[in-house]
Amino acid sequence: MKKVLLFAFVLSLIGVSDLFAQRLVYTPQNPAFGGDTFNYQWLLSSAQAQDTFEDPATRDNDRFGFGQDPLNDFSESLNRQILSRLSREVIDRQFGEESLESGTYNLGDYQIDISNSGSGLVVTIVDNVTGATSVIEVPFF
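Per mature numbering (1 follows the signal peptide of the UniProt record, and there is no 0), the sequence shown runs over residues -21 to -1, 1 to 120.
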């Protein structure tokens, strides 16, 4: 009799547990994938709150270059041309018949120090504005 009561009690517990169970149903959140269309505004506002990129069209009307300083552009162009010409001179004189003269030159924002070492030519370029230094060693052949 005790076994029958225990068996009936276990069956009743199993039956009651079905009353608390429910089906798991997946419902997508994004309206693009079949979710509720009322979630669209919430998803859009969440995405905009996390967006850290700037729209290039809204930056100081600089889309067509109107916000740039022509004097600054000219100075940068002049510095690029000076460094380009210096590099051509170093290559031509180092691998040509003449050697480059040692010394210190001040060109625009740059101080250029040219010296001969035992293994080749050493060109040190110092940017006077930022203090950055570049050392270029061209070996002898």
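For every residue, glycine included, the Cβ atom is placed at its ideal position computed from N, Cα and C.
Between the CA atoms of residue j and residue i - distance to the nearest angstrom
i	j	result
TYR89	ASN95	20 Å
GLY97	ARG59	30 Å
ALA28	THR109	36 Å
THR83	GLU68	15 Å
ILE61	PHE32	36 Å
ARG2	SER(-10)	21 Å
GLN20	VAL4	23 Å
THR112	ASP30	37 Å
PRO49	PHE17	51 Å
GLU116	PHE53	29 Å
SER25	GLN47	35 Å
GLY13	THR6	8 Å
LEU(-17)	ILE(-8)	14 Å
LYS(-20)	ASP15	55 Å
ASP71	ASN51	30 Å
VAL114	GLU80	17 Å
ASN9	LEU22	7 Å
Outcome for residue i when other beta-carbon atoms lying within 10 angstroms are tallied against a minimum of 16
i	result
residue 139	The displayed coordinates of the chain run from -21 to 120. Any statement about residue 139 would go beyond what the structure contains.
LEU100	buried
ILE93	buried
Rounded distance between the beta-carbons of residue j and residue i, thought under 8 Å
i	j	result
ILE91	LEU65	7 Å
Those residues which DSSP pairs with residue i across a bridge
i	result
ASP34	Paired residue(s): none; ASP34 is not in a bridge.
LEU100	ASN95, VAL117
GLN90	ASN85, VAL105
THR112	VAL105
Reference residue i, options the options, closest by Cα
i	options	result
GLU55	MET(-21), THR6, LEU86, SER81	LEU86
ILE104	PHE119, PHE12, SER63, ASP71	SER63
Residue i Cβ short of 7 Å to the ligand HEM heavy atom set
i	result
ARG59	As presented, the structure is devoid of all ligands, the ligand HEM included, so that no description of it is given.
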